[in-house]
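The structure appears below as structure tokens.
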Amino acid sequence: MTGLPNRPKDFNASHNEQDAVPNGVSDGVSGSVTNGQPADNIHNISTDVLIVGGGFGGMYGLYRCRKMGLQVKLFEAGSDFGGTWFWNRYPGARVDSETPYYSLSIPETYKNWHFTERFPGHQELRRYFKHIDKALGLSKDAYFNTVVVGAQFHTDTDEWHVRTDDGGLAKAKYLVLATGSSYKKHFPDFKNLDKFKGRLIHSALYPEEGIDVTGKRVGVIGSGATGVQIVQELAREDCKLTAFVRTPNLALPMVQRKLTKEEQDNAKSFYQAYFQAAKQCLSGFPYNPATKTFHEATPEERLEYWEELWQRGGFSFLISNYREFLTDKDVNREFYQFWANKVRARMKDPFKRDVLAPLNQGHWFGTKRPSLEQDYYEMIDRDNVTVVDLTATPIVEFTETGIKTADDKLHELDIVILATGYDSVTGSLLDIGLIDTDGVPLSDKWKNGTYTYLGLTISKMPNMFMVYSPQAPTSLSNGPPIIEMQIDWICAAIRKMKEEGIRYVDAKEEAADKWREDIQKMNAMTLYPETNSWYMGANIPGKPREQLIYLAGLDVYDRSTKEALKTWNGFDVVKK
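The sequence shown begins at 1 in the UniProt record's numbering and counts up by one.
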């Protein structure tokens, strides 16, 4: 993570980012911590590698760089490791990637660890990150509560100078940005938002201790993964819940289940094979694709196959589907009808059914990220839940007591939760003051579109590398496999530079142009451009509308990046 969450002045952090914690940075006064470094040491850092971000990418990067014998330090804005799971504590928050694939492949981190569920919740994930820290001893090289506000490479010294919000300056030969895709919070510009006198909170700043909603009128704005999970959870409470839905989430069955210690221990001898297989697949899950095309299968075979995928749960329904469903509108329509029939049968309220699973398809299936649900449709169908269709009756303004919609109805509320997402994929990178060697801020370089080379580097930012980044498989893949793949590439690049006596490498602008062009060409062959999604940058006003994700999958991406590294194809190389 890179900086404090952006928010209006009247928003209070629910888990104070500046509070000292047992394994966090000290306040620089007492000078004593169990792990972590005292904050005033930031002014004295000079290291081989500086990593920004303490999620999977930062932790794996710290581990791998150490194994290479490099000096490495890590900056994290939060007070502990965990990345997005340090911040996300809202009701029902859980990962939608299943175990063991949503975990690191390092044996020391899994040999004595056991998850309790197929899809772990946020509390368990934070315990897992603490376990990783303890197993690998990472905190001693980490600076928590450390917010990066500026970074630039100096060609005279071959160093990155990285500034922090407390005036600190760190110097490093290599800079690794593991800042994540879901960090910079999006606060919609609702009229009179500041006039609301109830409790207003962004889902990513939900209090760790929770909120007592008993007897309260609670509004949830947003129907992405976060909105689905919050509504699914709060609908069970003794409260009056109002779900403001603009675009229905085409949610898929999670098929959650408990895991035993014994079954995990029995499987661990196969974990390395599982993890390797995940990296050789399209999406970071070793799911088998359909053996036939849509048109080769009979209608009866399609229904039977879709039913099998439905019962498996997770993202099988997308990943193992007929491959044409993201390129052929007729296939996508039929796929949608199967989904709609399944969901509509679970709901009794005709209005809610037509808003959340309309017979007329609103957007192409798979072009927005679906959530995984356990009983979302049953919960939102309850009598204590009201659904507001924002397509028919948009939000006009906030008032002191609630939200007014276009039908002139005032929805009186005590609590409003903004499940309105993030400036995804690029937002965290644009938020830390990156400046290229010509003195041009990244925000200016990318004002008309995103340009990277290999989804790993940016032109005129030598020796800087990105993880879980724009124009890489990122959000269309399971996180840990692509993160490990990218970190391994970065480590291989650093090793190659050392072996060949290279001061720095810098991506060529023409290589970045070609990489972007290829991604947009792939995109044009799919249904993605026809949907406004955060994959396309369309959820943020004024953001360039473009495909931000590499679409060809992890296996093809891995081959492409390794091939470029062999000869430094696409890079300017400056030797000693």
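Even for Gly, the Cβ is constructed at its ideal location relative to N, Cα and C. Given the structure is predicted, the values throughout are model-derived calculations rather than measurements.
Would you check if there are 3 or more beta carbon pairs closer than 8 Å linking the stretch 180-189 to the stretch 375-389?
no
Taking its Cβ as the centre, do 16 or more other Cβ atoms sit within 10 Å of K445, making it buried, or is it exposed?
To locate residue 445, count along the sequence shown from 1; it is residue 445. Residue environment for K445: buried (at least 16 other C-beta atoms within 10 angstroms of its C-beta).
Secondary structure at H363, three-state DSSP: helix, strand or coil?
As a first step, residue 363 must be located in the sequence shown, where it is residue number 363. In the structure shown, H363 sits in coil (DSSP, three-state: anything other than H, G, I, E or B).
Within a Cβ cutoff of 7 Å, which residues of the same chain sit near W306, ignoring the five residues on either side of it in sequence?
For this step, residue 306 is matched to residue 306 along the sequence shown. Around W306: F338.
Express the C-alpha separation of T293 and Q323 in angstroms, rounding to a whole number.
For the purposes of this step, residue 323 is taken as residue 323 along the sequence shown, with counting starting at 1. For the purposes of this step, residue 293 is taken as residue 293 along the sequence shown, with counting starting at 1. First, the residue type needs correcting, since residue 323 is Arg and not Gln in the sequence shown. Those two C-alpha atoms are separated by around 7 Å.
Going along the chain, which residues of its own chain have a beta-carbon closer than 8 Å to the beta-carbon of K521, five neighbours each way excluded?
By 1-based counting over the sequence shown, the position of residue 521 is 521. Closer than 8 Å at the Cβ level, and outside the excluded window around K521, lies no residue.
So, for S316: in the same chain, excluding its five sequence neighbours on each side, which residues have a beta-carbon less than 6 Å away from its beta-carbon?
For the purposes of this step, residue 316 is taken as the residue at position 316 of the sequence shown. Cβ neighbours of S316 beyond the five flanking positions: Y287 and L309.
With a threshold of 16 other CB atoms inside 10 Å of the CB of S30, please say whether the residue is buried or exposed.
Locating residue 30 in the sequence shown gives position 30, counting from the first residue. With a pLDDT of only 29 at S30, under the threshold of 50, the placement of this residue in the model should not be trusted, and no figure is reported.
Spatial neighbours of P441 within its chain, please: CB distance less than 8 Å, with the 5 preceding and 5 following residues excluded, ordered by chain position.
For the purposes of this step, residue 441 is identified with residue 441 of the sequence shown, where counting begins at 1. For P441, where only same-chain residues beyond five positions count, the Cβ hits under 8 Å are G433, L434 and I435.
Determine the extent of the alpha helix (DSSP H) in which T226 is found, giving its start and end residues.
By one-based count along the sequence shown, residue 226 stands at place 226. Per DSSP, T226 belongs to the alpha helix (DSSP H) from A225 to L234.
Can you tell me which of Y206, F275, T214 and V245 puts its alpha carbon nearest to the alpha carbon of V223?
Residue 223 sits at position 223 when you count from the first residue of the sequence shown. According to the sequence shown, residue 223 is Ser rather than Val. Closest option to S223, Cα to Cα, is V245.
Count the other CB atoms within 10 Å of the CB of E563; is the residue buried (16 or more) or exposed (fewer)?
By 1-based counting over the sequence shown, the position of residue 563 is 563. Per the 10 Å Cβ criterion, exposed.
Just verifying my parser: in three-state terms, what is the DSSP assignment at E400?
Against the sequence shown, residue 400 aligns to sequence position 400. Here E400 sits in coil by DSSP.
Terminal residues of the continuous alpha helix (DSSP H) containing H164?
Looking up residue 164 in the sequence shown gives position 164. Looking at the sequence shown, residue 164 is not His but Thr. No alpha helix (DSSP H) contains T164, which is instead part of the beta strand (DSSP E) from E159 to T164.
How long is the line joining the alpha carbons of I221 and W534, rounded to whole angstroms?
The residue given as residue 221 occupies position 221 in the sequence shown. The residue given as residue 534 occupies position 534 in the sequence shown. One C-alpha to the other measures close to 17 Å.
Confirm, please, whether the CB-CB distance from P120 to G284 is below 7 Å.
The residue labelled residue 284 in the question sits at position 284 within the sequence shown. The residue labelled residue 120 in the question sits at position 120 within the sequence shown. No.
Given 8 Å as the limit, is there contact between the stretch 469-480 and the stretch 549-566, that is, 3 or more CB pairs closer than that?
Yes: the two stretches touch, three or more of their Cβ pairs being nearer than 8 Å.
For L372, tell me which candidate among Y90, E98 and R89 has the shortest Cα-Cα distance.
Here the question's residue 372 lines up with position 372 in the sequence shown. For L372, the nearest C-alpha among the options comes from E98.
Alpha carbon to alpha carbon, what distance is there between T84 and N249?
Here residue 249 is taken as the residue at index 249 of the sequence shown, counted from 1. Here residue 84 is taken as the residue at index 84 of the sequence shown, counted from 1. If you take the alpha carbons of N249 and T84, they lie about 21 Å apart.
State the Cα-Cα distance for the pair G28 and N88, rounded to the nearest angstrom.
Within the sequence shown, the letter at position 28 stands for residue 28. Within the sequence shown, the letter at position 88 stands for residue 88. Residue confidence for G28 is low, a pLDDT of 33 falling below 50, so the modelled location carries little weight; the figure read from the coordinates is stated next. Between G28 and N88, the C-alpha separation is close to 27 Å.
Would you mind reading off the limits of the alpha helix (DSSP H) that contains H131?
As a working mapping, residue 131 is identified with position 131 in the sequence shown. It spans H122 to L136 - the alpha helix (DSSP H) in which H131 sits, taken as one unbroken run.
Does P299 pass the burial test, meaning 16 or more other C-beta atoms within 10 Å, or should it be called exposed?
By 1-based counting over the sequence shown, the position of residue 299 is 299. The residue in question, P299, is exposed, as its Cβ has fewer than 16 Cβ neighbours within 10 Å.
Decide if R64 is buried, meaning its Cβ has at least 16 other Cβ atoms within 10 Å, or exposed.
Taking the first residue of the sequence shown as position 1, residue 64 is located at position 64. The residue is buried, with at least 16 neighbouring Cβ atoms inside 10 Å.
Give me the Cβ distance between L70 and V49, rounded to the nearest whole Å; I'm assuming they're in contact under 8 Å.
Your numbering for residue 70 matches position 70 in the sequence shown. Your numbering for residue 49 matches position 49 in the sequence shown. Rounded, the Cβ-Cβ distance is 5 Å, consistent with contact.
Kindly indicate which residue of E510, K140 and I415 has the alpha-carbon position closest to the one of Y206.
Taking the sequence shown and counting its residues from 1, one reaches residue 206 at position 206. It is I415.
Considering L279, what are the terminal residues of the alpha helix (DSSP H) in which it resides?
By 1-based counting over the sequence shown, the position of residue 279 is 279. Looking at the sequence provided, one finds Lys at residue 279 rather than Leu. K279 -> alpha helix (DSSP H) spans Y271 to K279.
Quick one: residues in its chain with C-beta nearer than 6 Å to the C-beta of A472, no 5 flanking neighbours on either side, listed in chain order?
Here residue 472 is taken as the residue at index 472 of the sequence shown, counted from 1. Short of 6 Å from the beta carbon of A472, and not among the five residues preceding or following it, lie these beta carbons of its own chain, in chain order: G455 and Y550.
Does the contact criterion of 3 or more C-beta pairs under 8 Å hold for the stretch 504-520 versus the stretch 398-418?
Under the 8 Å Cβ criterion, the stretch 504-520 does not count as touching the stretch 398-418, having fewer than three qualifying pairs.
Under the rule that 16 or more other beta-carbon atoms within 10 Å means buried, what is S32, buried or exposed?
As a position in the sequence shown, residue 32 is number 32, starting the count at 1. Unreliable positioning characterises S32 in this predicted model, as indicated by a pLDDT of 29, which lies under 50. The coordinate reading is nonetheless provided below. It counts as exposed.
For T247, which residues from the same chain have a beta carbon less than 8 Å from its beta carbon, with the 5 sequence-adjacent residues on both sides left out?
The residue given as residue 247 occupies position 247 in the sequence shown. Closer than 8 Å at Cβ, skipping near neighbours: S223, G362, H363, K368 and T391.
Please report the Cβ distance between H122 and A77, rounded to the nearest whole angstrom; I am assuming they are in contact, meaning their Cβ atoms lie under 8 Å.
Counting from one through the sequence shown, the residue named residue 122 turns up at place 122. Counting from one through the sequence shown, the residue named residue 77 turns up at place 77. Between A77 and H122 the Cβ distance is about 18 Å, and since that is not below 8 Å, they are no contact.
Can you grab the Cα-Cα spacing for the pair A20 / R127, in whole Å?
Sequence index remark: in the sequence shown, residue 20 carries index 20 (1-based). Sequence index remark: in the sequence shown, residue 127 carries index 127 (1-based). Because the pLDDT of A20 is 31, which lies under 50, any placement of that residue in the model is unreliable, and the question is left without a value.
Measure the alpha-carbon distance for Q37 versus N145 and round it to whole angstroms.
If you number the sequence shown from 1, residue 37 lands on position 37. If you number the sequence shown from 1, residue 145 lands on position 145. One C-alpha to the other measures close to 10 Å.
If you draw a straight line from the alpha carbon of S451 to that of R346, how long is it in whole angstroms?
Indexing the sequence shown from 1 puts residue 451 at position 451. Indexing the sequence shown from 1 puts residue 346 at position 346. According to the sequence as given, residue 451 is Tyr; it is not Ser. C-alpha of Y451 to C-alpha of R346: approximately 45 Å in a straight line.
Give every residue of the same chain whose Cβ lies closer than 8 Å to the Cβ of M525, excluding the five residues on either side of it in the sequence, and list them in chain order.
In the sequence shown, counting from the first residue as 1, residue 525 sits at position 525. Once the five neighbours on either side are set aside, the close Cβ partners of M525 are T327.
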